[in-house]
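Chains Y and W supply the protein sequences, listed in that same order.
With full-length UniProt numbering, letter number 3 in the first sequence gets 3, and the count goes up by one each step, no holes.
With full-length UniProt numbering, letter number 409 in the second sequence gets 409, and the count goes up by one each step, no holes.
Note that CB positions come from ideal geometry on N, CA and C, so glycine has one too.
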Amino acid sequence: MATYQEFIQQNEDRDGVRFSWNLWPSSRLEATRLVVPVSCLFTPLKERPDLPPVQYEPVLCSRANCKAVLNPLCQVDFRAKIWACNFCFQRNPFPPSYAGISEVNQPAELMPQFSTIEYIVQRGPQTPLIFLYVVDTCLEEEDLQALRESLQMSLSLLPPNALVGLITFGRMVQVHELSCEGIAKSYVFRGTKELSSKQIQEMLGLMKPASQGAQGRPSAPETPATCRFLQPVHKVDMNLTDLLSELQRDPWPVPQGKRPLRSTGIALSIAVGLLEGTFPNTGARVMLFTGGPPTQGPGMVVGDELKTPIRSWHDIQKDNARHLKKATKYYEALANRAAVNGHCIDIYACALDQTGLLEMKCCSNLTGGHIVMGDSFNTSLFKQTFQRVFSKDYNGEFRMAFGGTMEVKTTRELKVSGAIGPCVSLNNKGPCVSENEMGIGGTSQWKVCGLSPSTTLALYFEVVNQHNAPIPQGGRGAVQFITQYQHSNTQRRVRVTTVARNWADAQSQIQHIESSFDQEASAVLMARLGVFRAESEEGPDVLRWLDRQLIRLCQKFGQFNKDDPTSFRLSESLSLYPQFMFHLRRSPFLQVFNNSPDESSYYRHHFVRQDLTQSLIMIQPILYSYSFYGPPEPVLLDSSSILPDRILLMDTFFQLVIYHGETIAQWRKAGYQDMPEYENFKQLLQAPLDDAQEILQARHPMPRYIDTEHGGSQARFLLSKVNPSQTHNNLYAWGQETGAPILTDDVSLQVFMDHLKKLAVSSAA
Amino acid sequence: MSQQGYVATPPYTQTQPGIGGYPAGFGAPPSQPLYGHYGPPPQSYPSGQIGVLKSPATLATAVPTAPSPAQYSPNGLQNGAPTQRLPPPMSSPSVPQHGQPPSAMSPSPASAVPAPPPAQQLTNQLSGMQISGYGHTPLQGPQSPPPNPAAPPLFHPSPPNMGHLPPMSPGASSPMMTTPPPIGGPGTHPGPPPFGGGFQQPPGPAGPQGFPGQPGPYGGHMPGPQPAFPGGLPSGPAQMAGPPQKKLDPDSIPSTTQVIEDDQTKRGGQIYATNLRGQVPPLVTTDFVVQDQGNASPRYMRCTTYYFPCTADLAKQCKVPLASIIRPFAAVPKEETPLYLVNHGETGPIRCNRCKAYMCPFMQFTDGGRGYQCHFCNCVNEVPAFYFQHLDHTGRRMDLHERPELSLGSYEFTATLEYCKNKKLPNPPAFIFMIDVSYANIKSGLVRLLCEELKTLLDRLPREEGAEGTGIRVGFVTYNKILHFYNVKSGLTQPQMMVVSDVAETFLPLLDGFLVNFQESRSVIHNLLDQIPDMFSDTSESETVFAPVIQAGVEALKAAECSGKLFIFHSAMPTAEAPGKLKNRDDRKLINTDKEKTLFQPLKGVYEQLVQDCVSIGCCVDLFLFPSQYVDVATMGSVCLHTGGSIYKYNNFQVSVDGDHFLSDLRRDVEKPIGFDAIMRVRTSTGFRPTDFYGAMYMNNTTDVQMAAVDSDKAIVVEFKHDDTLTEETGALIQCALLYTSVGGQRRLRIHNLSLNCSSQLADLYKSCETDALINFFAKSAYRAMVNQPLKAVREILVSQTARMLACYRKHCASPSAVSQLILPDAMKVLPVYMNSLLKSPALVSSTDLSTDDRALQRMTVTSMGVEDTQVLFYPRLIPLLNMEAFGEGLPAAVRCSEERLSEGGLFLLENGRHLFLWLGQACSPELIQNLFNVPSFAHIGPDVKSLPELDNPQSKKLWSIIESIRQQRCHSLKLVIVKQKDQQEVLFRQHLVEDKGLHGGASYMDFLCFVHREIRQLLS
């Protein structure tokens, strides 16, 4: 093993795991002193083209409350055909099918390179994937047309046996029956009346007269043929296409000064109720397309009077958002129901104003669904993002999985405190559950209804070993992640990842521990904690907490002379961390200024589910500079990088900004790129476009693409992100020739660092 | 006198005159033969005769006899004879004319020995009833019957004065008329003479006699009545058969058929000009043409009496209800002018400033045309400048005849925004078809039948006069325990169905495309109608909802901002879990107890609210029921009843049996003239005011009658009470203003004006009464009362009121006579038979054999009926079909509704406006059976024969043409039921023979008369 860098990279590639610490402090006390908890980012379904799934069931530890999966870390007695569970030390006989194993004939799960292994298990009948479109019809004609086309296009992307359903809503909610010939049938619900799941099923005629009493779960899902609302694509393709093309705008008149009445709440509850009644515990995707806020019925976010604007952060802070709590509670209840049944909910919200994502976000956050926010359905941002939902992997299968449950097992010195990500607790209180909760805690199992290869959860652990009961030298702690899910090809699969790290005594081996610090992962892990807190706490409190953590960390690991800020030094493994924190503080995840509640929700939604790389980009956007002076290079995210003769490409994950410096912009305006003799200029202009294209191709959701120049109004996207090292306050002190001043009162990184140093070295702290 | 008590032979006597009808009867017999020759004579008879028929008969006799002289004259007068005073003068003049009659009479007299009685009133005692013995038994009258030949007449309706008019022609001098009661009019007409008279008149006891003698044809009819002699009669050419028989003859009691026939004879085929105040119109059964000359046609408004008493005391004394039956949308025959539409421009119709009465012929222009006095409230108003017109030398406006509102009794105004809901012009109304597609309706084939029919029916939606297409939009809903709405927008390639399962709070799931223009969406609608029967063909759903269906309709209309009508085709009691769920409350144990009324009380709550919703939006509900058992019509129908809708019920519906019947009901219902979202206000001149209203309507306050819709069949009864005294000079004016939305979506005001006379003499009132209108009123008031009071009490009130009215007449208007005589005012002489029929009507009879639903249904349908409908309902037409070849054009004359009139060898049609029976006597000639049924004999006709084949022979054709012409006269389709004598089915038929003892209780006509007479005597003593 070479450097920690390489080790970390290798682990991530193989297991999709990044720990904050790669050496674990051996006692609870020491662990708390490290400030950043032992925690990891785990990507359960990380794409592993090199990992073929095995076609048998995993072997489980026989202890009732353990059930860990046989893994390379287990001690195996080949002669006795016995293996010892490395979590509970239970000795288990191998099942009969393993009779032939020996040192030279080992099953895959015992080989070290298979610390992550995927099993295909045969359980129950395979049910096809289910896609239930929930479509808002209160749209402008142009938008609706675009949406129609996107939906029709999506039909061709679905596997032929997938079941589709269509619910449309406006003032009323219509559940369309797809199997009928000659007449288009739909069931209509009032948009204002809350209905129980049972009522919904009764009204849709889904109640089977007899099956009530029988408790037998096995026959749970209604056979596809009997559900008129969810039909195989290949059967109803034509019908549905016609239906979509005849889809009309909500016909109810919208009086002057009113918003259209939009029954999003009821529509979602019917979608959830429908699936609940027909396909519980089966992977299904509810896709909500909405063009505005819910304006009536349960879940309404704003009244239909245009003169009352939708809630802003200001209103919320003043406790002036009338519908906020009620609506949020309503959608949470829905989301939990959907999650219990393994169904995920996507929200595609396209409107210029807010659409109520703040209230509805939990639907996606708790079920692992996507949220896409755009200005209009008639934009490539939406169209391509939507299309990308159905993108296929190297095997030609959808990059989506359903109904996942992720379980965490730990060795006895470690307990799990919680998880942060698109999941809900399954309330499984096993032996390895910590009493201290961080994120969604109190359980060792979480449900993740919708998973993609990039879905990443943050898991937080607690070292419970007491200080006075040292772990033997060379001891290792292990964590096993067992993720069961329904693959997009409808197979049930189990992916097991088992990782181990060495214990280290923090007093004697603090240097080692420090060097095992993964500052990128830690930044993201701490950021997730911050974002998680921000959901329930006031912004300033979160920032204060974050600052305190940072200061404590610097105090712990910084080298300095007391009360001498200039003497402060951080080792290389921590050097970037304060900068991440600086940008995090300024990020839309923690700052609501200039963002609507919906935007904040949207940003946070993506932040708590993307993998480490993407998350880092979100925290600290990447800035590339293109010039005649050399190849494109990454530059500091600083106002000093904004130079007249450069083209900048900034990637914030959500936005992709191409910024032409003043001179370049003038040249471009003068049309030099069209003159043959300035071919190189043309190439220079083209280079960032190509790079941007590459990013656009790969990212989901597709970022907003912005092409701007010096002085352009859209340049604000760039200016708001860079470190304001030059502002109108210090402009003249810094001289004219470099960089561009930012008109802001925000502190710059330099000021931030100065303060940090001062506080870190302060003996008063 | 010679006669026995019962016989009121000599009607002449005082009372005499009046009843033209009767007389006719009398006259008839004798005259008939003569008729031909003497047209006139008959007339005389009639009139003369006075009241009661018998008397007439007697008349004849009378003449000869001593009494005659006195009476005579009256006779001559004919009706005129109104009592006492007036007559004399009049009579004399008339006499001349009558002269003839006398002659006619004379012959008869001869025969008619029985001299009637100089005694005045006829007397019959009811004891006479024994009469039942009829003919043969000679009387056992209480007194020893002298050998009277003639059967003693029973009653005499004493014709009040009409007599005077007798002067022949209707045209008669108007002046006279005025004084004399309008009735005179009729008198004059007595046209009876002409043949018609012949038959009908039979009434007179004499009749019988006469018959024999009569010419075949006529005779036929006449005789018919008499049970005994059927055979003979027909043939009898002669008139007065010889000597009267002695016995109490059923024919001696006033006969409705006779009255009808007399009126037809007298006034049939004539023009009835409405230029006179308080003019009594011809009977509803008479064919006449109305010429509007300032008063509303009797088709629109009929009154119980055309002479209002001047004071409240008088009104109270006589007990005769003062009411007007208004049928604002009545259909008028082609030969009458439709209503003119008047547009007064932006200011809207000109109205009196104080009482808001609309400009009408009763406004008196003054001050050279600059002002006008409203005769309703006497306020003097200024004439708006644009409306100014000079007056002529008589003080009438020069443009009188150019302006309908100044010269006509009925016309329409174009309403302005002021008269519209929310000050917005209305949209054209909509028709929504709501079809129950539960198992029962699918299985019976109804749904398929209906859908097929709608495809063509929708092309015939009512349209505005002169409009090219209809403005009415249509919509479709099917339902069982959930509702299915259909989007049939014209652009769609296929219809869209929208299911609403949330019946707890029904709503309209779509806006655009639900209500469409049929022409534009024809193909989509056809597509839909093709699919509906198949879509539900395998349904097993048997539960239905009801209130949510109506609610859905209301929501639809509300959303479309229009009024309209729901056509609901429903199978069974709504038992599914939903608002308005019903349970069986048909508790047979309640029948005949004080709680029986609860069976007819609609459930409150949901249904009450529904009614209010419907009315406020202008949503009329028509209900077609296809039940196989109890459905609680009382509750379900209540919505229809209060929204101006109709209820149709087809028990155990089978397409093969009831299909045509149902379809023709449906067609009529869809096509009939109708107005929506109507508010009616009745204004009167000072001294009296409307106090009570009956009909298919809803009232929020005491003056405005709200009707979600009002069609040509619906009538509203308005009852008036005095609040001051009326004077004979000014009379009583009534203006009915109906604000409504036309089928084309125009807001209009329909105005009907009627002027009545006032008198401080009760005699005037009695002679101008109209029995048919009275019965209409009594039926409605009784049917309303029956939900609040025990049925027994309701029946008692009816009887006692009848007795009081008659007793009052006897006391104040008839000349003194033996108490034992029953004297009836001429205009009311058949009131008892109608009243008895009403008492025996299913709704009022407490019998466990009758279905509660049917009773409730009758209660509701009668509530909105016009006079024409109640007349035939309470006295069905029984038409003998003995010699079909012999009939000319038109219908054979009806005979009295009694089993006595049936003959084993005959064929009879009976219709009451709802049902049509063809009764086959056991002894029908095989030849006839062959011709009509295409089977060799009576025995070959199956017991459950359902239909009558249409065969190519004169008899069959004739029968069919008779059936068709009957059907055309009625606003409901008549389902033909074939009844074989002695067959089980005969019970159904027999219950319509209203002169007989009721099958489920209720007295025979004769018994009832006796009873009433006893009551009267009690009252008088």
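CB-CB length for residue i against residue j, believed under 8 Å
i: GLN726(Y); j: SER639(Y); result: 5 Å
i: ARG731(W); j: LEU756(W); result: At residue 731(W) the sequence reads Gly, which differs from the Arg that was named. Between LEU756(W) and GLY731(W) the Cβ distance is about 6 Å, and since that is below 8 Å, they are a contact.
i: PRO634(Y); j: TYR624(Y); result: 6 Å
i: LEU157(Y); j: PHE390(Y); result: 4 Å
i: HIS915(W); j: ILE326(W); result: The pair is not a contact, with the Cβ atoms about 27 Å apart (cut-off 8 Å).
i: ASP869(W); j: GLY913(W); result: 5 Å
Burial state of residue i (16 or more Cβ within 10 Å)
i: ARG123(Y); result: exposed
i: LEU492(W); result: buried
i: ARG460(W); result: exposed
i: PHE628(Y); result: exposed
i: ASP13(Y); result: exposed
i: SER508(Y); result: exposed
i: LEU993(W); result: buried
i: HIS375(W); result: buried
i: MET111(Y); result: exposed
i: ARG544(Y); result: exposed
Contacts around residue i, its chain only, beta-carbon distance under 6 Å, and the 5 residues preceding and following it disregarded
i: TYR30(Y); result: Here residue 30(Y) is Glu; the residue named in the question, Tyr, does not match the sequence. Same-chain partners within the cutoff: ALA506.
i: SER563(W); result: PRO429, GLY618, PHE676, ASP677, THR741
i: THR456(Y); result: LEU41, THR43, ASP611
Spatial neighbours of residue i in its chain, beta-carbon cut-off 7 Å, leaving aside the 5 residues before and after
i: ALA315(W); result: PRO309, LEU322, HIS722
i: PRO724(Y); result: SER639, ILE742, THR744, ASP746, SER748
i: residue 1022(W); result: Not covered by the structure: residue 1022(W). The range shown for chain W is 1 to 1021.
i: PRO842(W); result: LEU850, ASP854, ARG855, GLN858
i: LEU450(W); result: ILE435, PHE569
Close Cβ partners of residue i (< 8 Å) along its chain, the five nearest in sequence each way excluded
i: ASP658(W); result: TYR650, LYS975
i: PRO926(W); result: PRO936, SER937, PHE938
i: THR863(W); result: LEU641, TYR694, GLY695, ALA696, LYS780, TYR783, ARG784
i: SER515(Y); result: TYR4, SER571, SER573
i: ARG148(Y); result: LEU244, SER245, LEU247
Which full runs of the alpha helix (DSSP H) of 4+ residues lie inside the stretch 536 to 580 of chain W, going along the chain?
547 to 560
Can you confirm whether the stretch 378 to 385 of chain W touches the stretch 701 to 716 of chain W when touching is taken to mean that 3 or more C-beta pairs between the two stretches lie within less than 8 Å?
no
Minimum length 4: unbroken alpha helix (DSSP H) runs contained in the stretch 566 to 594 of chain Y
577 to 586
Counting pairs of beta carbons, one from the stretch 249 to 257 of chain Y and one from the stretch 368 to 377 of chain Y, are three or more of them closer than 8 Å?
no
Quick check on the DSSP output: what are the complete alpha helix (DSSP H) runs of length 4 or more inside the stretch 370 to 446 of chain W, in order along the chain?
404 to 407, 439 to 443
So does the stretch 157 to 175 of chain Y actually touch the stretch 400 to 411 of chain Y, counting three or more Cβ pairs closer than 8 Å?
no
Please go through the UniProt domain "Sec23/Sec24 helical" (771 to 870) of chain W and give each complete beta strand (DSSP E) segment of 3 or more residues, from N-terminal end onward.
823 to 825
Which runs of the beta strand (DSSP E) fall wholly inside the stretch 656 to 696 of chain W and span at least 3 residues, in chain order?
674 to 684, 688 to 694
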